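Undergrad: What the sequence shown shows, in my numbering, is residues 7 to 310, in sequence order. Sharing a structure below in structure tokens format, with a few things to ask.
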Amino acid sequence: MNYDQILKKIDKEIKPFANEGNVSDSIHELALINPSKFGIHLVTTEKMDYSFGDSNEKFSIQSISKVLSLSYAFQFLGENIWSRVGVEPSGNPFNSLAQLEYEKGKPRNPFINAGAIVIADILVSNLKNPKNDFLSFVRNLANCNSIDFNEKVALSEKKVGFRNAALANILKSFGNLKNGVEEVLDFYFYQCSIEMTCKELAQSCYFFANGGNTYSQNQRILTESQIKRLNALMQTCGFYDESGEFAYKVGLPGKSGIGGGIMAIHPQKYCVATWSPRLNLKGNSVMGMKALELLTTETQMSIF
Ligand code: GLN
Numbered sequence: 007m008n009y010d011q012i013l014k015k016i017d018k019e020i021k022p023f024a025n026e027g028n029v030s031d032s033i034h035e036l037a038l039i040n041p042s043k044f045g046i047h048l049v050t051t052e053k054m055d056y057s058f059g060d061s062n063e064k065f066s067i068q069s070i071s072k073v074l075s076l077s078y079a080f081q082f083l084g085e086n087i088w089s090r091v092g093v094e095p096s097g098n099p100f101n102s103l104a105q106l107e108y109e110k111g112k113p114r115n116p117f118i119n120a121g122a123i124v125i126a127d128i129l130v131s132n133l134k135n136p137k138n139d140f141l142s143f144v145r146n147l148a149n150c151n152s153i154d155f156n157e158k159v160a161l162s163e164k165k166v167g168f169r170n171a172a173l174a175n176i177l178k179s180f181g182n183l184k185n186g187v188e189e190v191l192d193f194y195f196y197q198c199s200i201e202m203t204c205k206e207l208a209q210s211c212y213f214f215a216n217g218g219n220t221y222s223q224n225q226r227i228l229t230e231s232q233i234k235r236l237n238a239l240m241q242t243c244g245f246y247d248e249s250g251e252f253a254y255k256v257g258l259p260g261k262s263g264i265g266g267g268i269m270a271i272h273p274q275k276y277c278v279a280t281w282s283p284r285l286n287l288k289g290n291s292v293m294g295m296k297a298l299e300l301l302t303t304e305t306q307m308s309i310f
């Protein structure tokens, strides 16, 4: 497969979409990003790297961090996680409050904010130094010590995190948050503020494509069966109320974030990360989605 040639073709073909969508303005710090950035990095399971554009520039991974926090928590609790959070698509925006109330404090899945806040609570309960330990876990995946939180972004989100505070309080009222609301939200905002380049993101999430073995030292962090389950969750819930559309157009499991990043995997073949800050109304990167649709079209490979 000539990925270099395919990425060049993608870069040309997404140009007409360069002005579609808007940069997220929900977090002040993210609104300052240059909207015309575009980067893509693909790493195959044979550890061959291909990239294009702004693939070596750091960006805020935001909700993509939810697949990493879930992977870490899965190591501690295994299947017991599902007593506190479900595995069904929500069909609602990522920060929706209503469903959580009428479903009595059990979030539909770990990728909507309510579910990710429960996972954050699990990590706070199980880690000695939650933020540091989580950062070490992430750094170890691709053996990359330059991966870090962006404190400005975390504090900027904390100032306006009223909906997340509301979600955390509803969870607490139903007994589905064991630690203090403030402590869990603090962890959650830092987790979302992690910055990576497309290359670092693709290499960090390589284990989803490689049956649970990491890029760095081929270290097994989850079993093949656990990876199968996490990939299934990404397929059905990774893009909130646009998960169906992503499956239809791209045909790969993946996860998006409002920083404009998307990570997607083809099991046993590759992990790919894209970054373009302009988002559609569902909070997913316009050019990133288009680029991945072109990738599976051009390679004639998807999981379907
Ligand atoms: N930190 C953001 C929030 O909690 C993450 C949302 C996202 O990337 N979809 O609202």
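Even glycine gets a Cβ: it sits at the ideal position worked out from N, Cα and C. It should be emphasised that the depicted structure is a prediction, and the values quoted were computed from it without experimental measurement.
Leaving aside the five residues before and after Glu19 along the sequence, list all residues of the same chain whose C-beta is less than 6 Å from its C-beta, in chain order.
TA: Leu300, listed in sequence order.
Undergrad: Applying the criterion that 16 or more other CB atoms from any shown protein chain within 10 Å of the CB defines a buried residue, is Leu177 buried or exposed?
TA: The residue in question, Leu177, is buried, as its Cβ has 16 or more Cβ neighbours within 10 Å.
Undergrad: Note down the Cα distance separating Ala174 from Leu191, rounded to an integer number of angstroms.
TA: Each residue's alpha carbon lies about 8 Å from the other.
Undergrad: Quick one: is Val144 near chain D, going by C-beta distance under 8 Å?
TA: The structure shown has no chain D; it contains just one protein chain.
Undergrad: Cys211 and Ile268 - do their beta-carbons sit closer together than 8 Å?
TA: Contact: no.
Undergrad: Phe193 and Val91: beta carbons closer than 8 Å?
TA: For Phe193 and Val91, no; Cβs fall outside 8 Å.
Undergrad: Inspect the CB distances between the segment 227-243 and the segment 32-52 and report whether three or more fall short of 8 Å.
TA: Touching, no, given that fewer than three Cβ pairs across the two stretches are closer than 8 Å.
Undergrad: Quick check on the burial criterion: 16 or more other C-beta atoms within 10 angstroms. Buried or exposed for Asp247?
TA: Answer is buried; the Cβ neighbour count reaches 16.
Undergrad: Would you call Pro22 buried or exposed, if buried means 16 or more other Cβ atoms sit within 10 Å of its Cβ?
TA: So Pro22 counts as exposed.
Undergrad: Counting by C-beta, which residues lie closer than 6 Å to a heavy atom of the ligand GLN, in chain order?
TA: This criterion selects Gln68, Ser69, Phe100, Asn101, Asn119, Glu163, Asn170, Cys198, Gly263, Ile264 and Gly289.
Undergrad: So what does DSSP say about Phe252, is it helix, strand or coil?
TA: Phe252 falls in the helix class under three-state DSSP.
Undergrad: For Asn170 and Cys277, what's the separation of their Cα atoms in angstroms?
TA: Taking the straight line joining both Cα atoms gives about 30 Å.
Undergrad: Does the segment 200-209 come close enough to the segment 146-156 that 3 or more CB-CB pairs lie under 8 Å?
TA: Judged by Cβ distances under 8 Å, the segment 146-156 makes contact with the segment 200-209, as three or more pairs qualify.
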